[in-house]
DNA sequence: CACGTTTTCGAACACGCTTTCCTAAAATAA
DNA sequence: TTATTTTAGGAAAGCGTGTTCGAAAACGTG
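Residue numbers (the numbering used here), protein chains in the order written: chain D, 254 to 599; chain U, 254 to 599.
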């Protein structure tokens, strides 16, 4: 069933059918109703590719999740803690504007080519990149070519790239600051930090937040209290081992991700220390498991729903109305206090 | 950059460019190389909508997740335990065939129309439906209209619907049987069952599995040992309350989903009973949290990766080569023993 | 060299829709 | 009534690609 057949049945021209479908003004009510009736009767829906070819937007946006640890099944699922709510929230929001979402996982092996192709062949009108640290150069190039992109949790590219783009960041520094300050307010003085991958924006920003809170409290920044992980549970385990091996003064640990916090908790339990009685732990992300493990994890919550909706909203605006210059948005963080942190008793 | 321009640069006709792109045989190596060189140089990629309109498959499949509890944020995330790994696995697998995946969440409020439209307007060449119990009629109609569909974890439609389709089921009965038998082998005799939504295929099939194991062990089926939940954590909590209120003989509970098992555990802990010392619990699904809660949950694992890859593989086969008749596939289950179940001491 | 055969290539149509431009009819003004 | 303006709707071009079909070129063969 195509517009030609509909036109024949309604005894009008194909162009009239199109005008009815696309809400043109110069169609009489009588004609319009007649055409709509036939359309409904035969369940006609204009073919997407033809519309698209004729110049209509395809209302499709790509969500690209970079998962550098894709080889490992275990890690893949861990990444999903972030992906799943983001993707569903994005779909939800996109739906309001009748947009569809095409999701793609980019791993370290699979080349960026596939994503690029989706822009080049015009399958999508814009894209949202999450965790794209490893493909910064490629993303710059897409921006330079004029493709419409939103980048999540990355540094501001303002001065580094020519071309309009949109950034949506969580307030990493603020969140880490809140987490560390929480421990300080609970009376902790010997506070260690397991930081994430320093190549990642969130990694070093959270370290900055930790330092800010430490300095503000008049405490010294000890390099032996800072270890670098890579956001995974195992790296949290190893980091805790490193931190606690030759040190029995540490009473609080702020980990840059919940996964690392969970890994650290595993090690702490293994060596027979109690959480939170001996050591308090604070994570970051508020992934679902955080409230199910025992003790439940005090953490920093970032509203992924907020991030997703801001990302989608501004991208659609970019696509449909263009923007004058690059945009930079931030999403607030919130401290969620659970059982893994405890006021220190002197 | 379009094929016309490429043709001009390579001093050949447009059709020759197309033939090179689509690997036609009758092109001399010399011409082919010349064209490919220009294509690479200018980064030409044929426009998807035009190809599609000209008759090429768009290599796009839809994954439809039905989330009837979409209104509630909490439940939405619970559903995601299933969705996220499935979707990523599907993408992964689809990628091998250069297919893309478009995901759509169908909630009870959002009409099925949106999904239907994607078929009608030919945005997708096929679809995979998960948890689609509430839209069985609509799905039947799509099948009848000749659209290519895979349905996950639903009854065989063999006799109920005219039209080719593909079913991928986990062996629900087998899984539930294994779970119950595990408790029996551990010496339990008073075994209750929290079953899932009986409108759902997985709900009643798992009940059947439970009954089969009970009968096989020569034990009586007590109706007061069977309560109906709806797969959610809260319903597990309520069901446990109902079961244990006036009964202190129950020593084992098999819940039809991990979420319900977790809810039940919450209630059991609240009334001061110990798991697994007083009551053993077995869940179903092996969602990620199952191994993180304490005590960790004994459960039935279904390989979502297997389901997803079978679904994608057979759908692509259906799309590209058609199938002679409806297909029915099953995926095995596996008992994962953790801390929540314990051998009973007499 | 003449002929048949195979290989290579290009002109032209098709895909289904949007949109511009134009005409005919209707509405309004004179 | 006639002249002018407004409006409804149709004809046709165009979007970028795939594919068929026939012609031309290249190649063999006797």
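Glycine included, each C-beta is placed from N, C-alpha and C at the ideal position.
The structure displayed is predicted, hence computed values, not measured ones.
Beta-carbon spacing of residue i, residue j below 8 Å
i                     : j                     : result
residue 417 (chain U) : residue 593 (chain U) : no
residue 521 (chain D) : residue 532 (chain D) : yes
residue 365 (chain D) : residue 391 (chain D) : yes
residue 334 (chain U) : residue 358 (chain D) : no
residue 480 (chain U) : residue 495 (chain U) : yes
residue 383 (chain U) : residue 319 (chain U) : yes
residue 256 (chain D) : residue 271 (chain D) : yes
residue 466 (chain U) : residue 430 (chain U) : yes
residue 546 (chain U) : residue 546 (chain D) : yes
residue 514 (chain U) : residue 478 (chain U) : no
residue 263 (chain D) : residue 283 (chain D) : no
residue 447 (chain D) : residue 492 (chain D) : yes
residue 540 (chain D) : residue 497 (chain D) : no
Under 8 Å from the C-beta of residue i: neighbouring residues of chain U
i                     : result
residue 299 (chain D) : 374
residue 336 (chain D) : 337 and 341
Residue burial classification, residue i (beta-carbon count within 10 angstroms, cutoff 16)
i                     : result
residue 500 (chain U) : exposed
residue 268 (chain U) : exposed
residue 485 (chain U) : buried
residue 279 (chain U) : exposed
residue 473 (chain U) : exposed
residue 483 (chain D) : buried
residue 516 (chain U) : buried
residue 428 (chain U) : buried
residue 458 (chain D) : buried
residue 575 (chain U) : exposed
residue 560 (chain D) : buried
residue 275 (chain D) : exposed
residue 323 (chain U) : Note that residue 323 (chain U) scores 47 on pLDDT, short of 50, meaning its location in the model is unreliable and no value can be drawn from it.
residue 291 (chain U) : buried
residue 488 (chain U) : buried
residue 388 (chain U) : buried
residue 463 (chain U) : buried
Residues of its chain near residue i, where Cβ-Cβ distance is below 6 Å and the 5 sequence neighbours each way are ignored
i                     : result
residue 432 (chain U) : 507, 535 and 553
residue 519 (chain U) : 490
residue 331 (chain D) : Annotation note: pLDDT 40 at residue 331 (chain D) (below 50); position unreliable, coordinate value reported separately. Excluding sequence neighbours, residue 331 (chain D) sits near 512.
residue 461 (chain U) : 426
residue 591 (chain D) : 549, 550 and 551
residue 564 (chain U) : 381, 403 and 421
residue 327 (chain U) : Confidence in residue 327 (chain U) is poor, its pLDDT being 39 and thus under 50, which makes the residue's placement too unreliable to answer from.
residue 408 (chain D) : 454
Sequence-distant residues of its chain with Cβ nearer than 8 Å to residue i (five each side left out)
i                     : result
residue 410 (chain D) : 393, 396, 404, 418, 420 and 579
residue 312 (chain U) : 350, 351, 352, 353 and 378
residue 556 (chain U) : 584, 585 and 587
residue 305 (chain D) : 311 and 375
residue 558 (chain D) : 338 and 342
residue 355 (chain U) : 313, 314, 315, 316, 371, 376 and 377
Contact set between residue i and chain D, taken where Cβ atoms lie within less than 9 Å
i                     : result
residue 382 (chain U) : Result: empty, since nearest Cβ-Cβ is about 16 Å, beyond 9 Å.
residue 311 (chain U) : 301, 302 and 376
Residue i Cβ short of 7 Å to the ligand FMN heavy atom set
i                     : result
residue 582 (chain U) : Of ligands this structure carries none, so the ligand FMN is not represented either.
Same chain only: Cβ atoms within 7 Å of residue i, ignoring 5 sequence neighbours per side
i                     : result
residue 604 (chain D) : The structure shown has nothing for residue 604 (chain D), since chain D only spans 254 to 599.
residue 571 (chain D) : 379, 401 and 419
residue 297 (chain U) : 254 and 259
residue 510 (chain D) : 449, 484, 536, 537 and 538
residue 596 (chain U) : 439 and 440
Beta-carbon neighbours of residue i, restricted to chain D and to distances below 7 Å
i                     : result
residue 303 (chain U) : 306
Residue i: contacting residues in chain D (beta-carbon distance under 8 Å)
i                     : result
residue 522 (chain U) : The premise fails here: residue 522 (chain U) is roughly 10 Å from chain D at the closest Cβ pair, so nothing lies under 8 Å.
Interface partners of residue i on chain U, CB under 7 Å
i                     : result
residue 370 (chain D) : 298
Self-check item: chain U contacts from the segment 280-298 of chain D (Cβ-Cβ distance under 9 Å)
Solution: Legend: CB atoms of the segment 280-298 of chain D lying less than 9 Å from CB atoms of chain U belong to residues 296, 297 and 298.
Quiz item: Which residues, in order along the segment 532-552 of chain U, keep a beta-carbon less than 9 Å from a beta-carbon of chain D?
Solution: Result list: 541, 542, 545, 546 and 547.
Exercise. Name, going along the chain, the residues of the segment 423-456 of chain D whose beta-carbon falls closer than 7 Å to a beta-carbon of chain U.
Key: With the criterion set as a beta carbon lying under 7 Å from some beta carbon of chain U, the segment 423-456 of chain D has no members that meet it.
Quiz prompt | Residues from the segment 339-362 of chain U in contact with chain D, defined by Cβ distance under 8 Å | solution = Taking 8 Å as the Cβ-Cβ cut-off, the segment 339-362 of chain U approaches chain D at 340, 341, 344, 345, 348, 353, 354, 355, 356, 357 and 358, given in chain order.
Self-check item: Interfacial residues, the segment 265-276 of chain U to chain D, with Cβ spacing under 8 Å
Solution: Answer set for the segment 265-276 of chain U: empty.
Quiz item: Which residues, in order along the segment 384-395 of chain D, keep a beta-carbon less than 8 Å from a beta-carbon of chain U?
Solution: Within the segment 384-395 of chain D, no residue qualifies.
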